[in-house]
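Asks: According to my numbering, the stretch in the sequence shown is residues 70 to 530, in order. Cβ atoms here follow ideal geometry from the backbone N, Cα and C, with glycine treated the same way. Because the structure is a prediction, the values reported are computed rather than measured.
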Amino acid sequence: HVSGERTLLRGIHKVPPGSTLQWCDGEITRRHYWTIGQTSESAATARLLDTPRRAAPVFWDRFVDSVRSQLMSDVPLGVFLSGGLDSSLIVAAMRASGLERIQSFSVGYHEAEASELPWARLVASRLGTEHHEVLVEGRQFFDDLGTLTWHRDLPLTFSASTPLYHVSRLARESVTVVLTGEGSDELFAGYGRYPRALVNRRWARRLDRWMPGAMRRATARVARGGGSGYVGDRIARSFLARDGSVGASCLEPFSDWNADYRQRVLGRDVPTGHPFGDLDALLPAELLQRNPLEALLRYDQQTYLEELLMKQDTMSMASSLESRVPFLDHRLVEWAAALPASAKLDGLIGKALVREAAKAYLPEEVVSGPKRGFLVPLGTWLRGVGRDALDHYVGDGVADVFAQDVLRAMVREHLAGRDHTARLWRVMAFECWRRDVLPRFGALADAARRQSASELPAISR
């Protein structure tokens, strides 16, 4: 993901979220019309909802209103159902909104460890939906990479783009609009990295203050040298090895390509500057001091969530399907932004108020279960049916961008059992875009340049 207005294409920029760009008579006018927090609930109201139990009933009423507003449609409408908390709660809210006929759609695999189908069937049975399923095969996944990257215009950040595309095609056979669960985790702290990041930052800042500089640096070196196993990796990602800055304690420990891997795979000419974008703009100091959890959520809302929504939009629209996200109704977003961290986190348990609200409507297995949603057994496939694609995209052609020997070693380690799935996927997705899709963009640009001057006004009109 490239944050802010930048893209991977030189001369091409993004219109930022909450903004408009108007072109008129050769003049461009830009306007920022909405920012999270500017119209949020008052702090006094938020203080009254300082626990999950107090906030849950208010959340439920507001969420049902949001879902009800998304049900307005002149065409058939359904829901993507993973069997996880968010999509299941959407189904419950659709029922609470008075919708009698609900069509739900799920995707799965023959590999049972990654298939969400049993959980989706449980929710569909309990809530009485007309349920539809599609299976995605491993070979089909790799055959689709080029086509789906073309639809996305950029590298496929998420391997779940492929199952999302196929469940969208399935849904389009029956409906024209679907509701999906994006946004809940970034509003209500659903990812496990949030409480761990806060612990990291708190204790790293304390060690920064308490320990002499030389001792602190020595402790960090020892912590980073604990080996490549699970325990050593966790220690190297902890406050023992990290300073108290947000990048070091909250972002870097959870990156697929941490500083060590970046240095190795990109060589000595790693670009200078912060790898996580303009933190001053994305993490305002006042909010970080007052409510560090909310600051991290805002950061993800402007980066990670933006990419999630682009994945959702491009994969569904590639199937001529409209997707709607009731968790991201602006009124619900503003209300969530005003809540204190104590309503969202219960110790190390995220989305506490959402789970509390769901207890009255969903099976306990779903309420207390792990996060689910468009899982992909990619690590297994890369050791089997995906070996040809792995060799193709992480092979000889990478030498002009990446350190080929480092990637080859990573492939060998993955085949031997060490999990490099996320890192290898990033390289594969980038290389598919660079080799297979980017040249097609160039061909289109060349064709546009060949248009005669007389044709250009007609195109503009």
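Once the 5 residues before and after residue 86 are set aside, which same chain residues still bring their CB inside 6 Å of it?
Replies: none
Asks: Quick one: which unbroken beta strand (DSSP E) runs of 3-plus residues sit fully inside the stretch 441–521? Chain order, please.
Replies: none
Asks: The alpha helix (DSSP H) with residue 159 in it runs from where to where?
Replies: 154–165
Asks: First and last residue of the alpha helix (DSSP H) that includes residue 92?
Replies: From DSSP, residue 92 is part of no alpha helix (DSSP H) but of the beta strand (DSSP E) over 88–93.
Asks: On the CB-based measure, 16 or more other CB atoms within 10 Å of its CB, does residue 463 come out buried or exposed?
Replies: buried
Asks: Please name the residue in 77, 223, 353, 360 whose C-alpha comes closest to that of residue 383.
Replies: 223
Asks: From residue 519 to residue 512, what does the alpha carbon distance come to, in whole angstroms?
Replies: So the alpha carbons of these two residues sit roughly 11 Å apart.
Asks: Quick check on the burial criterion: 16 or more other C-beta atoms within 10 angstroms. Buried or exposed for residue 343?
Replies: exposed
Asks: Could you tell me the alpha carbon to alpha carbon distance between residue 71 and residue 77, rounded to whole angstroms?
Replies: 7 Å
Asks: Taking a contact to mean a Cβ-Cβ separation below 7 Å, would you say residue 160 touches residue 245 in this structure?
Replies: Not a contact, by the Cβ cut-off of 7 Å.
Asks: For the candidate residues 311, 191, 236, 380, whose alpha-carbon lies nearest to that of residue 291?
Replies: The option with the nearest alpha carbon to residue 291 is 311.
Asks: Per the DSSP calculation, residue 174 is bridged to which residue(s)?
Replies: 149, 201
Asks: Using only the alpha-carbon positions, how far apart do residue 495 and residue 459 sit?
Replies: 11 Å
Asks: Using a Cβ-Cβ cutoff of less than 6 Å, which residues in the same chain neighbour residue 436 once the five nearest sequence positions on both sides are dropped?
Replies: Once the five neighbours on either side are set aside, the close Cβ partners of residue 436 are 424, 427, 428.
Asks: Of the choices 332, 326, 271, 334, whose alpha-carbon is the least far from that of residue 307?
Replies: For residue 307, the nearest C-alpha among the options comes from 271.
Asks: Assign residue 102 to one of two classes, buried (16 or more other C-beta atoms within 10 Å of its C-beta) or exposed (fewer than that).
Replies: exposed
Asks: Sorted by chain position, which residues of the same chain lie with C-beta nearer than 6 Å to residue 397's C-beta, five sequence neighbours on each side aside?
Replies: 252
Asks: Less than 8 Å between the CB atoms is what I'm expecting for residue 166 and residue 136, so what's the real figure, rounded?
Replies: 6 Å
Asks: To the nearest angstrom, how far is it from the Cα of residue 117 to the Cα of residue 509?
Replies: 56 Å
Asks: Starting from residue 392, follow the beta strand (DSSP E) in both directions and report where the run begins and ends.
Replies: 391–393
Asks: Quick one: using the 10 Å Cβ neighbour count with 16 as the cut-off for buried, is residue 386 buried or exposed?
Replies: exposed
Asks: Can you grab the Cα-Cα spacing for the pair residue 195 / residue 202, in whole Å?
Replies: A straight-line Cα-Cα distance of about 17 Å links residue 195 and residue 202.
Asks: Starting from residue 96, follow the beta strand (DSSP E) in both directions and report where the run begins and ends.
Replies: 96–101
Asks: For residue 128, which residues in the same chain have their Cβ closer than 6 Å to its Cβ, ignoring the five residues on either side in sequence?
Replies: 422, 426
Asks: What runs of the beta strand (DSSP E), each 3 residues or longer, lie entirely inside the stretch 215–263?
Replies: 246–248
Asks: Is residue 277 helix, strand or coil when you go by DSSP?
Replies: helix
Asks: Alpha carbon to alpha carbon, what distance is there between residue 489 and residue 469?
Replies: 21 Å
Asks: With a threshold of 16 other CB atoms inside 10 Å of the CB of residue 209, please say whether the residue is buried or exposed.
Replies: exposed
Asks: Within this structure, are the beta carbons of residue 257 and residue 413 separated by less than 7 Å?
Replies: yes
Asks: Return the residue from the list 254, 247, 234 that minimises the CA-CA distance to residue 375.
Replies: 254
Asks: In whole angstroms, what separates the C-alpha of residue 335 from that of residue 94?
Replies: 44 Å
Asks: So, at 6 Å on beta carbons, what are the nonlocal neighbours of residue 146 in its own chain, with the 5 sequence-adjacent residues on each side left out?
Replies: 244, 246
Asks: So does the stretch 437–457 actually touch the stretch 182–190, counting three or more Cβ pairs closer than 8 Å?
Replies: Yes, they touch.
Asks: Once the 5 residues before and after residue 392 are set aside, which same chain residues still bring their CB inside 6 Å of it?
Replies: 247, 249, 381, 385
Asks: In terms of alpha-carbon separation, which member of 262, 379, 281 lies closest to residue 416?
Replies: Checked all of 262, 379, 281; the closest Cα to residue 416 is 262.
Asks: Within its chain, find whatever has a CB closer than 7 Å to the CB of residue 74; leave out the 5 residues flanking it on each side and keep chain order.
Replies: 82, 83, 85.
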